[in-house]
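Numbering (our numbering), first residue to last: 500 to 706.
Here the structure is laid out as structure tokens; the discussion comes afterwards.
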Ligand SMILES: N[C@@H](CCC(=O)N[C@@H](CS)C(=O)NCC(=O)O)C(=O)O
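Written out as structure tokens, the structure is:
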């Protein structure tokens, strides 16, 4: 059994999609971020970062529990556990891990900045808003270029690179730029990935 500490954000859905895709049995602990539930001692004892998504696999390596935080680490762990969605070929695996990192550490922070200055900031800071919007445009442009060449993000197979990218491409893009109409290849890929039953189930967890 796996505990999934999560909420209804793009990052949270990345892990619920993966758990559904591999048919894992898991239970959901949902945190209301605006109420700062994720900063309560019960959760800080699980993950001192106080951030979701986090999993606790009660049947981890050697049968001992293991806690894993962060979308890229969690998806890699689950792919290795299930032996799915992460190729063993060195070259292909490196390509998947590269895209996994691009989404986690380039695209994710671009959207995090867009959310911070475009939605959360109590005052309007045009320079910061413009900076992050342009960064998001650049990131979407890179994904578009890649998906003009390949069926899935890291090649011809569906992998954890697609799992990590999908919620950003649908949830975050709805916020900015609004839709994928300027990115036809990304839109084609989003329809393909979004048709997967595991993706559809995962996008409903926790709500
Ligand atoms: N690098 C982390 C980012 C996780 C993250 O940004 N989590 C947000 C919700 S989507 C969070 O827990 N925010 C609460 C906080 O920082 O106080 C990942 O890849 O999972």
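Think of the CB as a built atom: it goes at the ideal place given N, C-alpha and C, for glycine as much as any other residue.
From residue i to residue j, what does the alpha carbon distance come to, in whole angstroms?
{"i": "residue 660", "j": "residue 653", "result": "7 Å"}
{"i": "residue 647", "j": "residue 539", "result": "45 Å"}
{"i": "residue 628", "j": "residue 560", "result": "44 Å"}
{"i": "residue 625", "j": "residue 614", "result": "13 Å"}
{"i": "residue 679", "j": "residue 562", "result": "44 Å"}
{"i": "residue 598", "j": "residue 587", "result": "16 Å"}
{"i": "residue 638", "j": "residue 700", "result": "27 Å"}
{"i": "residue 630", "j": "residue 594", "result": "28 Å"}
{"i": "residue 527", "j": "residue 696", "result": "19 Å"}
{"i": "residue 534", "j": "residue 623", "result": "24 Å"}
Please work out which residues of its chain come closer than 7 Å, Cβ to Cβ, to residue i, disregarding the five sequence neighbours upstream and downstream, and give them in chain order.
{"i": "residue 545", "result": "504, 553, 555, 566"}
{"i": "residue 684", "result": "643, 646, 647"}
{"i": "residue 521", "result": "577, 581, 583"}
{"i": "residue 532", "result": "506"}
{"i": "residue 632", "result": "613, 675"}
Leaving aside the five residues before and after residue i along the sequence, list all residues of the same chain whose C-beta is less than 6 Å from its C-beta, in chain order.
{"i": "residue 525", "result": "501, 503, 518"}
{"i": "residue 706", "result": "507"}
{"i": "residue 651", "result": "657, 661"}
Is the beta carbon of residue j closer than 7 Å to that of residue i?
{"i": "residue 570", "j": "residue 603", "result": "yes"}
{"i": "residue 668", "j": "residue 689", "result": "yes"}
{"i": "residue 704", "j": "residue 698", "result": "no"}
{"i": "residue 634", "j": "residue 664", "result": "no"}
{"i": "residue 564", "j": "residue 557", "result": "yes"}
Judging by CA-CA distance, which residue of the options is the nearest neighbour of residue i?
{"i": "residue 674", "options": "550, 625, 617", "result": "617"}
{"i": "residue 513", "options": "561, 574, 528, 562", "result": "574"}
{"i": "residue 516", "options": "532, 612, 694, 662", "result": "662"}
{"i": "residue 656", "options": "635, 591, 696, 621", "result": "591"}
{"i": "residue 611", "options": "682, 672, 564", "result": "672"}
{"i": "residue 681", "options": "702, 640, 605", "result": "640"}
Among the residues of its own chain, which have a CB less than 8 Å from the CB of residue i, if the five just before and after it don't count?
{"i": "residue 510", "result": "551, 552, 570, 607, 666"}
{"i": "residue 549", "result": "537, 538, 542, 543"}
{"i": "residue 670", "result": "508, 509, 512"}
{"i": "residue 636", "result": "676"}
In the DSSP assignment, what residue or residues form a beta bridge with residue i?
{"i": "residue 526", "result": "502"}
{"i": "residue 565", "result": "556"}
{"i": "residue 449", "result": "Residue numbering for the chain in the displayed model covers 500 to 706; residue 449 lies beyond these limits and cannot be assessed."}
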